[in-house]
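Note sheet for the following structure.
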Amino acid sequence: MHPAYSVIIFTTISGAGYGLLLLTALGLALGMLALSPLFMLVLLGISLTLVTIGLFSSMTHLGHPERAWRAISQWRSSWLSREGLFALLTYIPSGLLGLTYVFGIMTELRPALAIITAILALITVYCTGMIYASLRTIRAWYQPLTSPIYVALSLLSGALILQVFLTLSGGASDILMQLGMLLCGVTLLLKLFYWKKIDEAPYDYTVQQALGFPDAVEVRQVEPAHTQANFVMREMGYKVARTNSAKLRKLMVVLGFVLPFLCLMAAIMVPTQVIPLMLVLLVAHMIGLMVERWLFFAEAQHVVNLYY
17 MHPAYSVIIF TTISGAGYGL LLLTALGLAL GMLALSPLFM LVLLGISLTL
67 VTIGLFSSMT HLGHPERAWR AISQWRSSWL SREGLFALLT YIPSGLLGLT
117 YVFGIMTELR PALAIITAIL ALITVYCTGM IYASLRTIRA WYQPLTSPIY
167 VALSLLSGAL ILQVFLTLSG GASDILMQLG MLLCGVTLLL KLFYWKKIDE
217 APYDYTVQQA LGFPDAVEVR QVEPAHTQAN FVMREMGYKV ARTNSAKLRK
267 LMVVLGFVLP FLCLMAAIMV PTQVIPLMLV LLVAHMIGLM VERWLFFAEA
317 QHVVNLYY
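Quick note, the sequence shown lines up with residues 17 to 324 if you use the working numbering.
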C-alpha cells in the first residue's frame, strides 16, 4: 500500500497523544501523579493538541475533507466511523477534566472524569487498529496482532513523552521509567511476532483461485494488463525491496525500542544525566515510530495485485 505521509503522521502523532492522555488520566485517577494543577493542565493540553493535529492530518488524505463528518453516521458497521465517534467523545470528559483545573471546580469528579477519559482514549486507539485489522484483502494487516500493536505503541510513546515532561519539570519517576522499559520490551516482542507471521504465513488467495482453477494448475501472465501504471497499482501495489525493508526494520528496532530502553536504564543508573538522555530518547523513538508506520503501509500488499 502507498505510505501516505498524512496517514503516517496521523497514526504516529495521534497515537502518542492518546497514549499520553490515557496515562496522564490513569495516573491522576490512581493518585500516582501528584502534580500541580497548572502542570496537569499542560499535560492535558499537550495530549489533546497532539490528538487534534493527528486528526486534522488524517483529513488531508480525504478527497473531500468537508464530508469527513458524515463518516460518523456509519458507526454500526465501520471501524473508521467508530474511531471518529470515540475520538470526538474523548474530548468531552478530557475537556471537563481540564476545566476542573482551570476553575478549581468539581474537584471531586476528577477521578471519575479521568477514568472515563482513559477508557475512551484506549477504545479510540483500538478502533484505529481495527480499521486495518478488519481488511481481509490485505494479508499483512488482517492479523490478530495489528490492534494490540497499535495500543502498545500508543502506550509506549505516551509513557516516554510523559517521562520527558516530568523530567523537565524536575519530577522524574523511576516507576514510569521502569514502565517504559517494560513497554519497550513487550511492544518489540509483539512487533517481532507480527513480522514473523506476515513473512512466513501463506497467502490466503492465489491466481488459481482468482481464475477458478485448482492450485495444481500452473498459471502465468503472458503480457501485462495495460502498458502503464494506474491508480490501483500506485496505491495498492507499492514496492519496497526486501533488502531495504530488512534495513529499515533494523533501524526501527534500534531507534524505536533499543535506544529508548538503554536511555531509560542509563537515566535510572545516572540520574544526573537524565535530561539529555530523555531528549535523545524522545527524538530517537519518534523517528523509529515514523519508520515503523512507513513500513506498516509499504510492506502491505492488496490482493488486487494478483491481477497484475
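Each residue gets a CB set at the ideal place from its N, CA and C atoms; glycine is no exception.
Bear in mind the structure is a predicted one, so any value in this text is a computation, not a measurement.
>> Quick check on His6: does DSSP put it in helix, strand or coil?
In response: With the chain covering 17 to 324 only, the question about residue 6 has no answer from this structure.
> Which two residues bound the contiguous alpha helix (DSSP H) that contains Lys207?
Replying inline: Your numbering for residue 207 matches position 191 in the sequence shown. Looking at the DSSP string, the run of the alpha helix (DSSP H) that includes Lys207 is Asp190 to Glu216.
>> Using 8 Å as the threshold, is the C-beta distance between Leu184 and Ile291 below it?
In response: Against the sequence shown, residue 184 aligns to sequence position 168. Against the sequence shown, residue 291 aligns to sequence position 275. Yes, the Cβ-Cβ distance between Leu184 and Ile291 is below 8 Å.
>> So Gln289 and Ala156 are supposed to be a Cβ contact under 8 Å. How far apart are they, rounded?
In response: Looking up residue 289 in the sequence shown gives position 273. Looking up residue 156 in the sequence shown gives position 140. Actually they do not touch by this definition, with Cβ atoms about 40 Å apart.
>> Using a Cβ-Cβ cutoff of less than 7 Å, which residues in the same chain neighbour Val248 once the five nearest sequence positions on both sides are dropped?
In response: Mapped onto the sequence shown, residue 248 falls at position 232. Around Val248: Val320.
>> From the DSSP secondary-structure annotation, give me the bridge partner or partners of Ile154.
In response: The sequence position of residue 154 within the sequence shown is 138, counting from 1. According to DSSP, Ile154 bridges with His318.
>> Rounded to the nearest angstrom, what separates Gly295 and Pro276 at their Cα positions?
In response: Locating residue 295 in the sequence shown gives position 279, where the first residue counts as 1. Locating residue 276 in the sequence shown gives position 260, where the first residue counts as 1. Looking at the sequence provided, one finds Leu at residue 295 rather than Gly. One C-alpha to the other measures close to 10 Å.
>> Would the segment 136-146 count as touching the segment 231-246 if we require 3 or more Cβ pairs under 8 Å?
In response: Contact between the segment 136-146 and the segment 231-246 is absent, because fewer than three Cβ pairs lie under 8 Å.
>> Quick test of your reading: Met193 and Ala283, contact by CB under 8 Å. State the CB separation rounded to the nearest angstrom.
In response: Your numbering for residue 193 matches position 177 in the sequence shown. Your numbering for residue 283 matches position 267 in the sequence shown. Contact between Met193 and Ala283 holds, with the beta-carbon distance rounding to 6 Å and staying under 8 Å.
>> Within a Cβ cutoff of 8 Å, which residues of the same chain sit near Thr65, ignoring the five residues on either side of it in sequence?
In response: Taking the sequence shown and counting its residues from 1, the one referred to as residue 65 is at position 49. Cβ neighbours of Thr65 beyond the five flanking positions: Gly33.
>> Between which two residues does the alpha helix (DSSP H) holding Leu129 run?
In response: Within the sequence shown, the letter at position 113 stands for residue 129. Unbroken alpha helix (DSSP H) run through Leu129: Arg126 to Ala149.
> Where does Leu37 fall in DSSP's three states?
Replying inline: Along the sequence shown, one-based indexing puts residue 37 at 21. Helix, per DSSP.
> Which residue from Arg98, Ser22, Tyr107 and Pro127 puts its Cα closest to that of Ser73?
Replying inline: Translated into the one-based positions of the sequence shown, residue 73 becomes position 57. Of Arg98, Ser22, Tyr107 and Pro127, the residue nearest in Cα terms is Ser22.
> If you check the beta carbons only, do Gly114 and Leu57 fall under 8 Å apart?
Replying inline: For the purposes of this step, residue 114 is taken as the residue at position 98 of the sequence shown. For the purposes of this step, residue 57 is taken as the residue at position 41 of the sequence shown. Going by C-beta atoms, Gly114 is nearer than 8 Å to Leu57.
>> What would DSSP say about His18, mapped onto helix, strand or coil?
In response: Here residue 18 is taken as the residue at index 2 of the sequence shown, counted from 1. In the displayed model, His18 falls within coil according to three-state DSSP, outside both helix and strand.
> Curious, which full-length beta strand (DSSP E) runs of at least 3 residues does the segment 226-282 contain?
Replying inline: Here no run is fully enclosed.
> What's the gap between the Cα of Gly174 and the Cα of Val269?
Replying inline: Counting from 1 along the sequence shown, the entry for residue 174 is found at position 158. Counting from 1 along the sequence shown, the entry for residue 269 is found at position 253. As the crow flies, the alpha-carbon of Gly174 is around 18 Å from that of Val269.
>> Let me make sure I understand the geometry here. Which of Ala262, Pro164 and Met302 has the alpha-carbon closest to that of Leu311?
In response: Here residue 311 corresponds to residue number 295 of the sequence shown, with the count starting at 1. Nearest to Leu311 by alpha-carbon distance, out of Ala262, Pro164 and Met302, is Ala262.
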